[in-house]
Each structure stands twice: as C-alpha cells, then as structure tokens.
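Enquirer: Pasting a structure below so you can have a look.
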Amino acid sequence: MNAPGYRRIEMINRICLLLMLMSAQPGLAAEGMADSGPAETDSLVIDRIERERAVQDNRSVLLAHKRNYLLPLTYAARPNDDVFEAGSSDFGEDLDNVEIQFQLSIKAALAEGLFTEQDALLVGATVRAFWQAYNGDISAPFRETNYEPELFWLTPVPWKVLGGDASLFALGFSHQSNGRSQPFSRSWNRLYASVIWERWRYVFQFKAWWRIPEDEKDDPLDSDGDDNPDIEDFLGNFEFTTAYRKNDYEVSVMLRNNLEREDNRGAIQVDLTFPLQRRFRGYLQFFNGYGESLIDYDAHIERIGIGILLSDLL
C-alpha cells in the first residue's frame, strides 16, 4: 500500500476511536460485526482501532458517536415534578418513578486532511429520550427528549498526558436543546476541547467547555433569549470520564462539578456493561446529581436503570 493510503487509513482509525470516547459515553454501532478481527493486545486503544478497521469501509454501517442503548426499566427516587407544576403541562404530580430511557447517537466524516495529514472534520447527532411509558394515567407521554448536534475537528497528537499513551485531541461546537416551547424550553451552545489518553489499561477523557453567551430574556415566556442562564452553576464547565475493561466486563465513571466552594453541585454516573449474547450487551446505569436531562438541569436526580447496549465505550 502506498504511503498516502496508509496515512489515510491510520487517520480514520484514530478519529473513529476519539469519536467513540467523546462526551460522556461513546461507542460503535456495528461492534458485533468485528468479532472476526485480530486478537486483543495489551492496549485497549489499539484493540478499539483494530475493531474499527473491520467496518470502516462498509457503507452500510452507521458508526456510533456516543453509546446507543435502551433501558426499559429505570427508577428515579424523586421525579422532578416541580418544573411541570410551575407551567401549563398536563402532567406533573402524576409522574411515575419508573420510565423508559433510550439514546441514539451517530457520526460521519465531512472532510479530512484540513490542516495536517491526519486531522478531520466530523458531524455527530444524539437523541436521548425519557418516556413515561408505563404511566397510563397521563397517556404515557415522552416526558423529555434532548437533541444534540455537534461539529468536531479531531486530530491525533504526539503528547504524553500524565504518563499515558495514545493521546487524541478534539475541538468542537455543540448545540443542545429539548425542542420545546416556553416555559419548558431549555437549550445552550458550547465550544469545547477534549483530550483522551490511556494508562495501565484505563482510558481517560477530560472535556472542558465554554458556554456561548445569550441575551437575557425581557420576559420568562419570550422565545428569544437565554432559557437557562444559571445552567453552569449546576453542570459546571468540565467532565472527566474513565473506563476500564476486563474479561468482557466494562465499567466507566463520569464526574462533573461546578468547583464552587459554596453551593457546590455536580454529578456522577457509573456504567457497567456485561455480555448477554453476540450482538447485545447488558447495561446497568446509575446517575446521581444535576443535569441528567435539560429539563432537570437544576434538579437533583438519583436514578438506576437496566437494559441492553448496542455500542460500548471500549
């Protein structure tokens, strides 16, 4: 193979790896198709690259951006009724503790070799839904749906991060909203930077962001202006994620914090995935803190859920 072709394949491999690991929860939609790939190595990053190679030229495959999953059973200790009681919603106090949650997330490359031989510009889209499917008293509505299109510039970098290897760097733009009218509209725009590295069979990601300012509303029911001016007080300006896999079991932890001494707020999410069968994996998710969804960004939520996973982190 000639040198330009080899560099192009290597670039795609590294970029796909970064996309799977970005945000809090990435993966590959066609993971089950890569079982015939090379044997595992001592590096989780290299293993991931090898599995990507098995499907990177298949135009019938959609690559996942974040985790894709279905949790048919989740339980929240105290659903956030207050936000709906304050508005004109048909439901509020009648919210069930039990609901369905699912996430769909994909990515695709727009351009390659923009500034270096190995960088690329990519687009991603994520939809995450919270469905009161078992609540017949209020016609089983979708309580909340969050939409997040993103644009990324991605590149491998020759850095050593805290002694780790396989450093990757990304700059991106993210718009996140729940697509609702006032008074339930929530949205924000961010610019972010992310770095990923590996050490001792652990993979780490640090992602920091800056919120793009919006004008203050003259009236809370105005369609123009900032829907949630205090969102950074609850979600902060960074996330730190670490993941570890052993014997086909994978655990990851996401941490967020506003780093304020007074009114300190943050969140933790712990994910455990385990084998079920060839195509699907079991998925156990625990969340405690602020910002589980946009409508709940300023409410403390504690939730546990179990279901199936289509695309994993590593």
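Here the sequence shown stands for residues 18 to 331, where the numbers follow the working numbering. All residues carry an ideal CB built from backbone N, CA and C; glycine is no exception.
Any contact between the region 72 to 90 and the region 304 to 314? By contact I mean 3 or more CB pairs, one from each, below 8 angstroms.
Expert: no
Enquirer: Is the region 312 to 329 close to the region 87 to 95, with three or more CB pairs under 8 angstroms?
Expert: yes
Enquirer: Whose CA, out of Leu171, Glu165, Thr162, Leu139, lies closest to the CA of Thr133?
Expert: Leu171
Enquirer: Please list, in chain order, all residues of the same chain as Pro89 whose beta carbon is under 7 angstroms from its beta carbon, the five residues on each side excluded.
Expert: Ile117, Gly324
Enquirer: First and last residue of the alpha helix (DSSP H) that includes Phe101?
Expert: 99 to 102
Enquirer: Whole beta strand (DSSP E) runs in the region 245 to 318 with 3 or more residues, listed along the chain?
Expert: For the beta strand (DSSP E) assignment, the uninterrupted runs of no fewer than 3 residues enclosed by the region 245 to 318 are, from N- to C-terminal side, 255 to 263, 266 to 274, 283 to 292, 298 to 306.
Enquirer: Buried or exposed: where does Lys263 fall if 16 or more other Cβ atoms within 10 Å of its Cβ makes it buried?
Expert: exposed
Enquirer: For a quick check, are the C-beta atoms of Lys124 and His82 less than 8 angstroms apart?
Expert: yes
Enquirer: Between the alpha carbons of Gly253 and Gln286, how many angstroms are there, rounded?
Expert: Between Gly253 and Gln286, the C-alpha separation is close to 15 angstroms.
Enquirer: Can you list, in chain order, the residues of its chain with a C-beta nearer than 6 angstroms to that of Asp288? Leave out the 5 residues immediately preceding and following it.
Expert: Ser269, Gln302.
Enquirer: Using the Cβ count rule (16 or more neighbours within 10 Å means buried), how would you classify Gly180?
Expert: exposed
Enquirer: Helix, strand or coil for Gly141 per DSSP?
Expert: strand
Enquirer: DSSP state of Leu61, grouped into three classes?
Expert: Helix.
Enquirer: Report all residues from its chain with a CB closer than 8 angstroms to the CB of Leu272; omit the five preceding and five following residues, and keep chain order.
Expert: Glu256, Phe257, Thr258, Gly283, Ala284, Ile285
Enquirer: Of all the beta strand (DSSP E) runs that stay within the bounds of the region 195 to 241, which reach a length of 3 or more residues?
Expert: 204 to 216, 219 to 228
Enquirer: Reducing DSSP to helix, strand and coil, say where Asp182 ends up.
Expert: DSSP places Asp182 in strand when its eight states are reduced to three.
Enquirer: Does Asn114 pass the burial test, meaning 16 or more other C-beta atoms within 10 Å, or should it be called exposed?
Expert: exposed
Enquirer: Kindly indicate which residue of Ala142, Gly153, Asn152 has the alpha-carbon position closest to the one of Phe169.
Expert: When only C-alpha atoms are compared, the closest one is Ala142.
Enquirer: Assign Leu61 to buried or exposed, taking buried as 16 or more other Cβ atoms, counted over all protein chains shown, within 10 Å of its Cβ.
Expert: By the neighbour-count rule (16 or more Cβ atoms within 10 Å), Leu61 is buried.
Enquirer: Can you name the start and end residues of the beta strand (DSSP E) that Arg95 belongs to?
Expert: In the DSSP assignment, Arg95 falls outside any beta strand (DSSP E) and carries neither an H nor an E.
Enquirer: From Asp236 to Leu311, what distance separates their C-alpha atoms?
Expert: 20 angstroms
Enquirer: Would you kindly check if the distance between the Cβ of Asp182 and the Cβ of Trp214 is under 8 angstroms?
Expert: yes
Enquirer: In chain order, what residues of the same chain lie with their CB nearer than 6 angstroms to the CB of Ala126, ignoring the 5 residues before and after it?
Expert: Ala137, Leu139
Enquirer: Expressed to the nearest angstrom, what Euclidean distance is found between the alpha-carbon atoms of Tyr86 and Phe291?
Expert: 13 angstroms
Enquirer: Pull up the DSSP beta-bridge partners for Lys124, would you.
Expert: Leu80, Gly141
Enquirer: Here's the rule I'm using: 16 or more other beta-carbon atoms within 10 Å means buried, otherwise exposed. How should Arg295 be labelled?
Expert: exposed
Enquirer: Bridge partners of Ile338, per DSSP?
Expert: Look at the range of the chain in this structure, 18 to 331, and you will see that residue 338 is not part of it.
Enquirer: So, Leu188 versus Val174, is the Cβ gap smaller than 8 angstroms?
Expert: no
Enquirer: Across which residues does DSSP place Arg320 in a beta bridge pair?
Expert: DSSP, once it has assigned bridges, lists Ala93, Phe304 as partnering Arg320.
Enquirer: Should Thr162 and Val144 be called a contact, given that it needs their Cβ atoms to be closer than 8 angstroms?
Expert: Yes, the Cβ-Cβ distance between Thr162 and Val144 is below 8 angstroms.
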